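Peer 1: Take the sequence shown: its letters are residues 1 to 510, numbered as in full-length UniProt numbering.
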Amino acid sequence: INKAEKELLIRELAKRNLYDFMRYKFAYYYGNTFLDNWHYGYLCEILTELLKGNIKNLMISMPPSYGKSELVARTFIPYALGKYPNLKFIYASYGDELSKSISVETRDFFKSSAFSALFGKQKLIMDKAEHWFNEKGGGLFATTTGGAITGKHCHIGIADDLLKASEAYSEASRKNSIVYFTESFLSRLLSYENIQGRMIVIMQRLHKNDLCGYLKEVARNEWEEVNLEAINKEKKVYEIGSFRHERQESEALFEKRHTLEQLYTIKQTMGEYAFNAQYQQEPENASGGYFNIDYFDTNLISDFDIPKQNLYIFIDPAESTKDGSDNRAIVCVGISLKDSYPFIVVYDCFYGKWDNEIFIEQSFSMMSKYPNADVRIEPKGGGITLEQSLNKQILAFNLKRRNNNESVVSNLITTFKVPLSLSKHEKIATLLPAYNQGRLKFRRNAVGIDQIKNELRKYNPDRKANDDNCIDALSGITWQQDIYAYENKDRVILRRGNSFFNISTSKWRI
Numbered sequence: 001i002n003k004a005e006k007e008l009l010i011r012e013l014a015k016r017n018l019y020d021f022m023r024y025k026f027a028y029y030y031g032n033t034f035l036d037n038w039h040y041g042y043l044c045e046i047l048t049e050l051l052k053g054n055i056k057n058l059m060i061s062m063p064p065s066y067g068k069s070e071l072v073a074r075t076f077i078p079y080a081l082g083k084y085p086n087l088k089f090i091y092a093s094y095g096d097e098l099s100k101s102i103s104v105e106t107r108d109f110f111k112s113s114a115f116s117a118l119f120g121k122q123k124l125i126m127d128k129a130e131h132w133f134n135e136k137g138g139g140l141f142a143t144t145t146g147g148a149i150t151g152k153h154c155h156i157g158i159a160d161d162l163l164k165a166s167e168a169y170s171e172a173s174r175k176n177s178i179v180y181f182t183e184s185f186l187s188r189l190l191s192y193e194n195i196q197g198r199m200i201v202i203m204q205r206l207h208k209n210d211l212c213g214y215l216k217e218v219a220r221n222e223w224e225e226v227n228l229e230a231i232n233k234e235k236k237v238y239e240i241g242s243f244r245h246e247r248q249e250s251e252a253l254f255e256k257r258h259t260l261e262q263l264y265t266i267k268q269t270m271g272e273y274a275f276n277a278q279y280q281q282e283p284e285n286a287s288g289g290y291f292n293i294d295y296f297d298t299n300l301i302s303d304f305d306i307p308k309q310n311l312y313i314f315i316d317p318a319e320s321t322k323d324g325s326d327n328r329a330i331v332c333v334g335i336s337l338k339d340s341y342p343f344i345v346v347y348d349c350f351y352g353k354w355d356n357e358i359f360i361e362q363s364f365s366m367m368s369k370y371p372n373a374d375v376r377i378e379p380k381g382g383g384i385t386l387e388q389s390l391n392k393q394i395l396a397f398n399l400k401r402r403n404n405n406e407s408v409v410s411n412l413i414t415t416f417k418v419p420l421s422l423s424k425h426e427k428i429a430t431l432l433p434a435y436n437q438g439r440l441k442f443r444r445n446a447v448g449i450d451q452i453k454n455e456l457r458k459y460n461p462d463r464k465a466n467d468d469n470c471i472d473a474l475s476g477i478t479w480q481q482d483i484y485a486y487e488n489k490d491r492v493i494l495r496r497g498n499s500f501f502n503i504s505t506s507k508w509r510i
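(1) Tell me the rounded alpha-carbon separation between Phe350 and Val331.
(2) Who does Tyr66 pair with in a DSSP beta bridge?
(3) Determine the direct distance from the alpha carbon of Lys267 to that of Ser368, and round the result to whole angstroms.
(4) As a quick exercise: from Asn398, Pro433, Leu399 and Gln480, pick the residue whose alpha carbon is nearest that of Lys417.
(5) For a quick check, are the C-beta atoms of Ile428 and Ser475 less than 8 Å apart?
(6) Please list the terminal residues of the continuous alpha helix (DSSP H) segment that includes Ser173.
(7) Given this structure, state the Cα-to-Cα distance separating Glu378 from Gln451, to the nearest angstrom.
(8) In this structure, how does DSSP classify Asp316 when only helix, strand and coil are distinguished?
(9) When you compare the region 16 to 29 with the region 153 to 167, are there three or more beta-carbon pairs, one atom per stretch, that lie closer than 8 Å?
(10) May I have the straight-line CA-CA distance separating Val409 from Gln388, to the nearest angstrom?
(11) Between the alpha carbons of Val201 and Tyr19, how many angstroms are there, rounded?
(12) Only counting the same chain, and skipping five residues up and downstream in sequence, which positions put a Cβ closer than 7 Å to that of Gly382?
(13) Give the single residue among Ile240, Ser69 and Leu118 whose Cα lies nearest to the Cα of Glu45.
(14) Report yes or no: do the region 457 to 473 and the region 274 to 283 share at least 3 C-beta pairs separated by less than 8 Å?
(15) Looking at Cys212 and Ser99, is the spacing between their C-beta atoms short of 8 Å?
(16) Would you list, in sequence order, the uninterrupted alpha helix (DSSP H) runs of no fewer than 4 residues that lie entirely inside the region 407 to 436?
(17) Give every residue of the same chain whose Cβ lies closer than 8 Å to the Cβ of Ile55, excluding the five residues on either side of it in the sequence, and list them in chain order.
(18) Per DSSP, Lys111 is paired with what?
(19) For the alpha helix (DSSP H) containing Val214, list its first residue and its last residue.
(20) Three or more C-beta pairs under 8 Å: does that hold for the region 129 to 145 against the region 245 to 257?
(21) What does Asn310 pair with, by DSSP beta-bridge criteria?
(22) Which of helix, strand or coil does DSSP assign to Leu51?
Quick look at the structure:
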């Protein structure tokens, strides 16, 4: 077979088969090597059956960054339009910018010479970032969870991660994604080629009561379920049509993406709760245990083992001093660099339901004990008043100290705002990677160490609690901006989102 004949064969296969179409796209459009794996072939067969009308509603749960958006959106939509130019799609995801970027990238491939070499050029009469369609009406409308879709209909709807991972423990966000899907999205379906409209839900599992959990509970028989675990618990055969793959026990789903060893490292970093949900598709009921308390004693550190560090005092004023209200918390934390990663030590934690006078005394006591620590105060709950009171007290205290030729307190006191988009759980969750990896240590004789241990042991992101203010204050070391780690007398800035803290994931999705 010569080169021209090989080219024609590749194109013919790409027109006939979604899996070959995806391989073709990577070679002739992206110009990249396709990181192939068996699950692509499996999902391609399933999507083809859905396109033919043999599967009505499809629910796919699989780990993040394993190709779901690339296959189901950027590739399947153009392929289906090549086969059926009149098909209308609606694509929805949790973020407006994300949905638009998926739409634009899908459209750009649809308009490319690589696509037209297979199915011919289809002229677009509407060509907007979020909405485009051809002369036969086929195309894509992209929206976001809660976005208006009045007047828009589709033959195939794709709900791709309607719930943001960081909002998994927000009952309101979970409910919003479910209500949007059931009351708005599902009503948009049309029939085509005597085939009833189809719906695809594809996501990483985030919570027992997320959209997949809801659909399994109320309409299990109406959905074809595909669960792809990152690590197989037992031997399993994946089979559809002519496709068959046998997967062994404890086998990594996508070895070229993550080896078994790498997956266990991810599990340790994320914690068992998040890993079981997002990678194993088995979300659990949270009931304490978010932080593995067995790690706590191994994370204790003696004073003589603590390196030179930059110190910070984080103060959570709480909202009230009534019985049953939150504790007010004052935590001193140190940070340095070790092997290019942050090394964090909790020095002391003062806490209690104090009135304002005692609260000021306790805050100043912590500052006097650690006079070089920068002080960060949350402004709500009287934080601004506290800042003003402490600054006045420092002036009076230092005047007396100078008159007696004694050292003065030099704490820099500032208030900080918590971004509205950042929940208490998201803040506390930023502690988990350092805690699991032994990079978050606790001074053996620290004041309040038992309270911190108790809060970590009882912490449950599903429960609205007022017994986690110490670890909430402590989390400032891993999420706040302008935190400096000590290293060889230099000050190295570590900002939120820095990979050192592993608190943000890539926005690139494939």
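Backbone N, C-alpha and C define an ideal beta-carbon position, used for all residues, glycine too.
It should be emphasised that the depicted structure is a prediction, and the values quoted were computed from it without experimental measurement.
Peer 2: On the basis of the data shown:
(1) 6 Å
(2) The partner list for Tyr66 (beta bridge, DSSP) is empty, contrary to what the question assumes.
(3) 40 Å
(4) Gln480
(5) yes
(6) Glu171 to Tyr180
(7) 20 Å
(8) strand
(9) no
(10) 16 Å
(11) 20 Å
(12) Pro317 and Asn356
(13) Ile240
(14) no
(15) no
(16) 424 to 429 and 432 to 436
(17) Ile46, Glu49, Arg198 and Glu224
(18) Answer is none; Lys111 lacks a bridge partner.
(19) The question names Val, but residue 214 is Tyr in the sequence shown. That run of the alpha helix (DSSP H) goes Leu211 to Ala219.
(20) no
(21) Ile335
(22) helix
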